[in-house]
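Per the working numbering, the sequence shown starts with residue 65, numbered consecutively. C-beta atoms are modelled at their ideal positions from N, C-alpha and C, and glycine is treated no differently. Notes for the one structure printed next.
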Amino acid sequence: MNLDIDLAVIGGTGLYQLADLQDAEPHQPVTRYGALSGPVRVGTLAGRRVAFLARHGEGHSVPPHLVNYRANLAALQALGATRVLALNTVGGITERFGPRVLACPDQLIDYTWGRVSTYCEEPGTEVLHVDFGDPYTPALRRRVLDAAAVAGVALVDGGCYGATQGPRLETRAEITRMRRDGCDLVGMTGMPEAGLARELGLDYACLAIVANWAAGAGPQVDEVITFEDVLGNVAAASSGIPPLLHALLAG
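Shown next, in the form of structure tokens:
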């Protein structure tokens with residue numbers, strides 16, 4: 065079922081619906097990879113066909129290590145999506161990436177384990193060795209950055225996203241290691257999603273929404289943050305997403 069989707073958006077923690085998506089209808093394509101996180105809601109935004117999928121389910125019932133990334137992306141492709149913008153709620157490690165910042169990372173380090181990370185899993189499937197030197201599609205990243213500039217939305221260009229296993233948060237020692245490795249951001253859902261998108265030939269970029277400083281990072285290293293604080297920071301940072309999307313779709 066090809067619905068001529070101009071852009072697919074995958075929402076992370078605190079982002080369970082897409083503002084301004086009109087006349088949305090739910091779709092749950094059957095894929096060979098099992099059940100999706102929830103319905104794909106396809107509607108109209110800025111005059112374009114847009115699909116939205118809540119990565120953790122619309123009630124946040126799916127932890128990061130159990131998200132069926134393969135089914136989610138295969139379903140979006142089956143509905144006609146060729147471009148995917150991933151919204152990832154993250155922690156900030158380095159100075160540019162404090163709470164309430166929006167960023168568009170350009171690099172990625174995978175610390176996850178045990179997740180099905182490829183479509184080359186079942187017997188008889190073609191073995192793919194995809195180029196992943198630039199894990200996010202440069203052309204789509206450029207369009208996101210240009211859209212932010214047009215919309216007047218502050219967006220940090222670049223940065224390295226470190227994907228951890230979760231669902232627990234990281235220790236201070238783990239964040240210290242990630243800083244040494246070159247990570248600026250830490251989240252739990254960046255992989256295998258980005259790699260799977262590359263295998264499917266989908267254009268893929270990330271909007272990282274900084275919800276808090278990672279353990280031991282930031283000016284107040286002993287600060288204790290609550291889930292309510294996290295959701296408040298996500299809501300504040302996410303306020304720039306609707307105008308950015310309108311500019312991206314108009315471009």
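Item, Value
"With burial defined as no fewer than 16 other Cβ atoms inside 10 Å of the residue's Cβ, what is the status of Thr228: buried or exposed?", "buried"
"Where DSSP assigns a beta bridge to Thr74, which residues make up the other side?", "In the sequence as presented, Thr is not what sits at residue 74; that position holds Ile. DSSP lists Leu117, Ala150 as partners of Ile74."
"DSSP on Val250, reduced to helix/strand/coil?", "strand"
"Does Arg119 have its Cβ less than 8 angstroms from a Cβ in chain B?", "In the structure shown, chain B does not exist; there is a single protein chain."
"According to DSSP, is Leu271 helix, strand or coil?", "strand"
"Check whether the Cβ atoms of His91 and Val104 lie closer than 8 angstroms to each other.", "yes"
"By how many angstroms is the C-alpha of Ala261 removed from the C-alpha of Arg113?", "20 angstroms"
"Terminal residues of the continuous alpha helix (DSSP H) containing Pro202?", "202-215"
"Under three-state DSSP, which class holds Asn276?", "strand"
"Determine the extent of the alpha helix (DSSP H) in which Tyr133 is found, giving its start and end residues.", "133-142"
"By how many angstroms is the C-alpha of Gly296 removed from the C-alpha of Pro169?", "22 angstroms"
"Rounded to whole angstroms, what's the CA-CA distance from Tyr200 to Val298? Just pull it up for me.", "22 angstroms"
"From Gln86, Leu312, Met65, Asp84, pick the residue whose C-alpha is nearest to that of Arg205; which is it?", "Leu312"
"Is Gln229 near the ligand ZN, in the sense that its beta carbon is under 7 angstroms from a heavy atom of that ligand?", "With respect to small molecules bound, the structure shown includes none, and the ligand ZN cannot be examined in it."
"Per the DSSP calculation, Cys225 is bridged to which residue(s)?", "In the sequence under discussion, the amino acid at residue 225 is Tyr, which differs from the Cys named in the question. According to DSSP, which records beta bridges pairwise, Tyr225 is partnered with Leu172, Leu249."
"Just to confirm the assignment, what range does the beta strand (DSSP E) spanning Leu313 have?", "Premise fails: Leu313 lies in the alpha helix (DSSP H), 305-314, not in any beta strand (DSSP E)."
"So, with DSSP's three-state summary, where would you put Gly259?", "helix"
"Pop quiz: Ala272 and Asn152 are said to be a contact at Cβ under 8 angstroms. What is the actual Cβ separation, rounded to whole angstroms?", "5 angstroms"
"To the nearest angstrom, how far is the alpha carbon of Leu130 from that of Ile173?", "19 angstroms"
"Starting from the C-beta of Gly162, find all residues in its chain whose C-beta is less than 6 angstroms away, skip the five residues before and the five after it, and write them out in chain order.", "Gly156"
"Count the other CB atoms within 10 Å of the CB of Cys184; is the residue buried (16 or more) or exposed (fewer)?", "exposed"
"DSSP three-state label for Thr189, please.", "coil"
"What is the residue span of the beta strand (DSSP E) that Ala88 lies within?", "86-91"
"Per DSSP, Ala167 forms a beta bridge with which residues?", "Val220, Ala272"
"When DSSP labels each residue in this structure, what does Gly156 get in the three-state scheme?", "strand"
"Does DSSP put Val104 in a helix, in a strand, or in coil?", "strand"
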